[in-house]
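Engineer: In order, the protein sequences belong to chains A and B. Residue numbers for the first sequence follow my numbering, beginning at 137 and rising by one. Residue numbers for the second sequence follow my numbering, beginning at 83 and rising by one. No residue lacks a Cβ here, since even glycine has one placed at the ideal position from N, Cα and C.
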Amino acid sequence: MPNAASKILLMIILLLAGAHVHAVVTIEIDQGVKRGIPIAIVPFGISDDIDQELELDEVIRSDLSRTGRFDVLNVDKFLQSPTKVEDVDFADWKLISVDYLVIGSIERVDESNFRIETRLFNVFNEKQIFGSQFIATTSSDRKVMHQIANEVYERITGTKSSFHTRIAYTVASVTSENKTEHRLVVADYDGKNATVILKTDSPILSPSWSPDSEKITYSILGRDQSKIWVQEVSSGNRQIVAEFKGQNRSPSWSPDGTRLAFANSRDGNSDIFILTLATREIIQLTTDRQIDTEPAWSPDADYIVFTSNRGKGAQIYKVRAKENQQIERLTIYGKSNSRASYSPTGKQLILITDQGTGNQVGIFDIESKSISVVSSTSIDDSAVYSPNGEMLMYVVEGRDRHIKILSPDGRIQSRVETLEGAVNQVAWSWDS
Amino acid sequence: MIRNLFIIGITIFSLVLLAGCAKDLESVDITTVDSPESSEGVSGDEVSGVSGTGDAVQFGIDGEDTTGTGDTQAVDPLSQRTVYFGYDESIVSDEAQTIIRAHAEVLLDNPDANLEIFGHADERGTREYNLALGDQRAVAVSSFFQEFGVDVSRISAISYGEELPAVIGSDESAWSLNRRVEFDY
């Protein structure tokens with residue numbers, strides 16, 4: 137478990153002059169073991185005729201750091217800061233043990249467009265791995281930087297990043313009339329470009345993205361009944377899809393996009409159901425008298441995992457996504473385990489576990505049944521994998537509610553910028 | 083002894099019943115929109131009340147109206163409209179049953195009154211699980227009202243999970259007051 141003394145706060149500050157100074161991103165690193173790939177991202181060269189504030193290399197640095205797969209070198213360690221190929225002296229980078237080097241520059245094309253040029257080098261063999269040009273505007277600059285980070289990530293690791301994906305989160309705040317306002321917010325995965333897509337007096341719960349990432353389903357806790365809605369992100373159009381007798385909660389979109397798993401309490405206690413969206417037909421998966429809730433699909437859509445207190449305390453169970461199937465208990469260690477969802481490989485579950493030290497984010501290995509705790513906070517909720525499985529995100533509860541991104545080993549932690557208020561739950565979009 | 087208390091309680095209750103209805107509805111409305119972040123109103127009263135007497139059960143949502151004259155008495159079950167639960171449990175304690183029985187008798191004498199039951203949980207555990215846990219607690223309390231003769235058609239029960247804490251705080255003193263069922267009629 138990381139303790140305060142073994143952590144450093146790595147403040148990465150963009151070293152650009154005057155108008156180009158950007159927000160400071162704080163990434164906390166537990167220094168126990170350094171095992172990321174050492175990479176240097178040199179501050180991009182900026183032509184003199186640019187006076188707009190643009191989001192530049194800091195975006196790339198933050199993206200690569202958050203995954204835990206890279207150790208992004210602090211700029212004050214650099215022996216040189218080249219912005220052109222001809223200025224790169226590989227000896228200077230070998231000396232400070234950098235494996236990969238990114239340089240770039242930006243120049244004005246016309247009134248509103250900028251050309252961004254970037255190159256990735258293998259320091260060891262002194263070869264360029266790729267070079268690309270992008271056209272950006274002041275509003276698309278972050279998007280381009282995420283694209284560059286993705287390119288670097290993919291070329292070096294061989295896997296696709298999640299830097300271009302989005303999140304949805306719920307946040308509650310108090311209005312000037314002293315009422316609570318609940319909002320559903322969609323943002324880039326790092327919290328930027330936040331847009332409120334729904335405002336209501338009633339709590340919004342369990343947002344879940346459609347596989348095409350164009351719609352979001354959620355439950356609204358009404359005065360008399362909770363109902364499940366589907367909303368189109370771009371238009372805001374929304375409709376009720378489940379208002380069956382009892383409470384309708386915890387929707388989870390199937391990987392093929394045609395069904396929702398959800399919890400309904402028409403028999404007096406919460407059970408797991410599947411709704412086919414086209415026909416509005418439902419099938420019931422569980423029938424016991426205890427709590428069954430928080431269903432989530434396996435990546436192949438064959439199984440549903442869910443939380444139940446049919447044993448003592450909450451634990452995770454698994455059932456085939458059909459009627460009248462055997463129910464199998466998955467988690468055996470811990471006082472309680474809840475809100476599980478699958479890793480993209482289907483081999484692990486991320487969940488909220490109580491191992492006697494509070495509610496923490498845990499990774500459950502389905503094969504070995506072991507659980508590893510990866511968060512260092514203790515009132516955690518709503519933990520999810522990124523679409524590529526190489527980052528984790530969850531909500532830290534308590535006095536200062538916020539969203540955190542974790543590397544899968546828990547080593548790298550960073551806070552996600554959110555709109556003002558108390559953050560409640562978070563959902564990560566799919567890779568599309 | 084208990085029976086006498088009930089009769090006294092019922093008499094007091096009958097006197098305030100009509101005035102109480104409007105007030106109660108209003109206070110429930112406030113509860114449903116009250117901010118989890120707000121430290122005013124109900125939660126503030128409860129915090130100071132608890133530290134003053136050390137008796138958590140005395141400070142239900144409407145507690146401040148009816149406890150004013152009862153300081154020297156142990157506990158008048160009719161002054162309580164909140165019952166509390168253990169962590170991740172929905173077992174109705176003996177103390178809670180006494181409170182429910184007292185109110186059930188009032189309801190039997192007032193056949194036009196309908197009962198609303200609100201289940202709550204502390205912030206630990208996930209939101210959806212806590213909603214289901216609040217359901218389970220509300221259902222458990224509802225079962226005792228039915229056991230004591232209140233017809234199920236007069237009862238509505240809903241869970242607010244961890245969404246509407248009575249007390250803001252992240253320690254056992256707050257959690258124990260948030261693991262509760264409130265009822266109103």
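Do Val497 of chain A and Val531 of chain A have their beta-carbon atoms positioned less than 7 Å apart in this structure?
Structural biologist: Locating residue 531 of chain A in the first sequence gives position 395, where the first residue counts as 1. Locating residue 497 of chain A in the first sequence gives position 361, where the first residue counts as 1. Going by C-beta atoms, Val531 of chain A is not nearer than 7 Å to Val497 of chain A.
Engineer: Are there three or more Cβ pairs, one per stretch, closer than 8 Å when the stretch 531-549 of chain A is compared with the stretch 511-521 of chain A?
Structural biologist: The stretch 531-549 of chain A, when compared against the stretch 511-521 of chain A, does touch it at the 8 Å Cβ threshold.
Engineer: At a Cβ threshold of 7 Å, is Glu177 of chain B touching chain A?
Structural biologist: Reading the second sequence from its first residue, position 95 is the one you call residue 177 of chain B. Output row for Glu177 of chain B: interface = no.
Engineer: I want to verify the contact list: residues of chain B whose CB lies under 7 Å from the CB of Asn495 of chain A, in sequence order.
Structural biologist: Taking the first sequence and counting its residues from 1, the one referred to as residue 495 of chain A is at position 359. Neighbours of Asn495 of chain A on chain B, chain order: Arg206, Gly207.
Engineer: Given that a residue counts as buried once 16 or more other Cβ atoms are within 10 Å of its Cβ, and exposed if not, what is Asp490 of chain A?
Structural biologist: Mapped onto the first sequence, residue 490 of chain A falls at position 354. That one is buried.
Engineer: Once you ignore the five residues that flank Gly123 of chain B on each side, which residues in its own chain have a CB closer than 6 Å to its CB?
Structural biologist: By 1-based counting over the second sequence, the position of residue 123 of chain B is 41. Residue placement at Gly123 of chain B is flagged as unreliable, the pLDDT there being 33, under the threshold of 50; the coordinate-derived value follows with that caveat. Here the set comprises nothing.
Engineer: Does the structure place the stretch 254-265 of chain A close enough to the stretch 201-217 of chain A that three or more beta carbon pairs sit under 8 Å?
Structural biologist: Contact fails: fewer than three Cβ-Cβ distances are below 8 Å.
Engineer: So is Phe200 of chain B buried or exposed if we call it buried at 16+ other beta carbons inside 10 Å?
Structural biologist: Taking the second sequence and counting its residues from 1, the one referred to as residue 200 of chain B is at position 118. Its Cβ being crowded by 16 or more others within 10 Å, Phe200 of chain B is buried.
Engineer: For chain B, is any of its Cβ atoms less than 7 Å away from the one on Asp536 of chain A?
Structural biologist: For the purposes of this step, residue 536 of chain A is taken as residue 400 along the first sequence, with counting starting at 1. Not one chain B Cβ lies under 7 Å of Asp536 of chain A.
Engineer: Looking at Val178 of chain A and Ser233 of chain A, is the spacing between their C-beta atoms short of 7 Å?
Structural biologist: To locate residue 233 of chain A, count along the first sequence from 1; it is residue 97. To locate residue 178 of chain A, count along the first sequence from 1; it is residue 42. Not in contact: Ser233 of chain A and Val178 of chain A (Cβ atoms no closer than 7 Å).
Engineer: For Ser298 of chain A, which residues in the same chain have their Cβ closer than 8 Å to its Cβ, ignoring the five residues on either side in sequence?
Structural biologist: The sequence position of residue 298 of chain A within the first sequence is 162, counting from 1. Around Ser298 of chain A: Tyr325, Ser522, Pro523, Asn524, Glu526, Met527, Trp564, Asp567.
Engineer: Name, please, each residue of chain B whose Cβ falls closer than 9 Å to the Cβ of Gln383 of chain A.
Structural biologist: Against the first sequence, residue 383 of chain A aligns to sequence position 247. Neighbours of Gln383 of chain A on chain B, chain order: Leu213, Ala214, Asp217, Ile240, Ser241.
Engineer: Contact criterion: CB-CB distance below 7 Å. Does Asp253 of chain B meet it with respect to chain A?
Structural biologist: Reading the second sequence from its first residue, position 171 is the one you call residue 253 of chain B. So no, Asp253 of chain B is outside the interface.
Engineer: Within the 7 Å Cβ cut-off, does Thr443 of chain A reach chain B?
Structural biologist: Walking along the first sequence from the start, residue 443 of chain A turns up at place 307. With 7 Å as the cut-off, Thr443 of chain A counts as an interface residue toward chain B.
Engineer: Output, in chain order, the set of chain A residues within a Cβ distance shorter than 7 Å of Glu245 of chain B.
Structural biologist: Reading the second sequence from its first residue, position 163 is the one you call residue 245 of chain B. In chain order: Pro339, Leu357.
Engineer: Since Gln355 of chain A and Pro387 of chain A are thought to touch, with beta carbons under 8 Å apart, how far apart are those beta carbons, to the nearest angstrom?
Structural biologist: Position 219 of the first sequence, counting from 1, holds the residue named residue 355 of chain A. Position 251 of the first sequence, counting from 1, holds the residue named residue 387 of chain A. Residue identity check: residue 355 of chain A is Ser in the sequence provided, not Gln. Right, the Cβ-Cβ distance comes to about 6 Å (below 8 Å), so this counts as a contact.
Engineer: Can you name the residues of chain A whose CB is closer than 8 Å to the CB of Asp170 of chain B?
Structural biologist: Numbered from its first residue, the second sequence carries residue 170 of chain B at position 88. Ordered by position in chain A, the residues that pass the 8 Å Cβ test against Asp170 of chain B are Asn445, Gly449, Ala450, Ser472.
Engineer: Which same chain residues end up closer than 8 Å to Asp403 of chain A when comparing Cβ atoms and leaving out the 5 residues on each side of it in sequence?
Structural biologist: Position 267 of the first sequence, counted from the first residue, corresponds to residue 403 of chain A. Once the five neighbours on either side are set aside, the close Cβ partners of Asp403 of chain A are Gly382, Thr423.
Engineer: Following the continuous alpha helix (DSSP H) through Ser238 of chain B, name the residue where it begins and the one where it ends.
Structural biologist: One-based indexing of the second sequence puts residue 238 of chain B at position 156. Per DSSP, Ser238 of chain B belongs to no alpha helix (DSSP H); it is in the beta strand (DSSP E), 237-243.
Engineer: At least one CB of chain A closer than 7 Å to the CB of Glu210 of chain B: is that the case?
Structural biologist: If you number the second sequence from 1, residue 210 of chain B lands on position 128. By this cut-off, Glu210 of chain B is an interface position.
Engineer: Thr180 of chain B by DSSP, collapsed to three states: which one?
Structural biologist: Position 98 of the second sequence, counted from the start, is the residue given in the question as residue 180 of chain B. If DSSP states are grouped into helix, strand and coil, Thr180 of chain B belongs with the helices.
Engineer: Tell me whether Gln269 of chain A is buried or exposed, calling it buried when 16 or more other Cβ atoms sit within 10 Å of its Cβ.
Structural biologist: For the purposes of this step, residue 269 of chain A is identified with residue 133 of the first sequence, where counting begins at 1. Answer is exposed; the Cβ neighbour count stays below 16.
Engineer: For Ile242 of chain A versus Ile182 of chain A, is the C-beta spacing smaller than 7 Å?
Structural biologist: As a first step, residue 242 of chain A is located in the first sequence; it is residue number 106 there, counting from the start. As a first step, residue 182 of chain A is located in the first sequence; it is residue number 46 there, counting from the start. For Ile242 of chain A and Ile182 of chain A, yes; Cβs fall inside 7 Å.
Engineer: Quick check: what's the CA-CA separation for Arg262 of chain B versus Val234 of chain B?
Structural biologist: As a working note, residue 262 of chain B is residue 180 in the second sequence. As a working note, residue 234 of chain B is residue 152 in the second sequence. Going by the C-alpha atoms only, they are around 21 Å apart.
Engineer: Going by the CB atoms, is the gap between Gln451 of chain A and Thr467 of chain A shorter than 7 Å?
Structural biologist: Sequence index remark: in the first sequence, residue 467 of chain A carries index 331 (1-based). Sequence index remark: in the first sequence, residue 451 of chain A carries index 315 (1-based). A contact, by the Cβ cut-off of 7 Å.
Engineer: Quick one: which chain A residues come within Cβ less than 9 Å of Val249 of chain B?
Structural biologist: Start at 1 with the first residue of the second sequence, and residue 249 of chain B comes out as number 167. Those within 9 Å of Val249 of chain B in chain A number zero; the least Cβ separation is about 13 Å.
Engineer: Pairing CB atoms from the stretch 337-346 of chain A with CB atoms from the stretch 306-315 of chain A, are three or more of them under 8 Å?
Structural biologist: Enough Cβ pairs lie closer than 8 Å, so yes.
Engineer: Distance check for Glu244 of chain B and Phe265 of chain B, CA to CA, integer angstroms please.
Structural biologist: Indexing the second sequence from 1 puts residue 265 of chain B at position 183. Indexing the second sequence from 1 puts residue 244 of chain B at position 162. Approximately 16 Å, taken between the alpha carbons.
Engineer: Does the Cβ-Cβ distance between Met281 of chain A and Glu191 of chain A come in under 7 Å?
Structural biologist: Mapped onto the first sequence, residue 281 of chain A falls at position 145. Mapped onto the first sequence, residue 191 of chain A falls at position 55. In this structure, Glu191 of chain A lies closer than 7 Å to Met281 of chain A by Cβ.
Engineer: Determine, using beta carbons only, whether Arg475 of chain A comes closer than 7 Å to chain B.
Structural biologist: Walking along the first sequence from the start, residue 475 of chain A turns up at place 339. True, the Cβ-Cβ gap to chain B drops below 7 Å.
Engineer: Within the continuous alpha helix (DSSP H) that includes Arg197 of chain A, where are the two ends?
Structural biologist: As a first step, residue 197 of chain A is located in the first sequence; it is residue number 61 there, counting from the start. Looking at the DSSP string, the run of the alpha helix (DSSP H) that includes Arg197 of chain A is 193-202.
Engineer: Can you list, in chain order, the stretches of the alpha helix (DSSP H) that have 4 or more residues and sit fully within the stretch 225-263 of chain A?
Structural biologist: Counting whole runs of 4 or more residues, the stretch 225-263 of chain A contains the alpha helix (DSSP H) stretches 226-231.
Engineer: Would you say Thr554 of chain A reaches chain B, if we count a Cβ-Cβ gap shorter than 7 Å as a contact?
Structural biologist: What you label residue 554 of chain A is simply residue 418 of the first sequence in a count that begins at 1. Thr554 of chain A does not count as touching chain B.
Engineer: What are the residues that DSSP puts in a beta bridge with Lys454 of chain A?
Structural biologist: As a first step, residue 454 of chain A must be located in the first sequence, where it is residue number 318. The partner list for Lys454 of chain A (beta bridge, DSSP) reads A:Val441, A:Glu464.
Engineer: Tell me the residue span of the alpha helix (DSSP H) that contains Trp257 of chain B.
Structural biologist: Start at 1 with the first residue of the second sequence, and residue 257 of chain B comes out as number 175. Where Trp257 of chain B is concerned, the enclosing alpha helix (DSSP H) stretches over 254-260.
Engineer: Below 8 Å on C-beta distance, what does Val221 of chain B contact in chain A?
Structural biologist: Here residue 221 of chain B is taken as the residue at index 139 of the second sequence, counted from 1. Chain A residues near Val221 of chain B: Gly404, Asn405.
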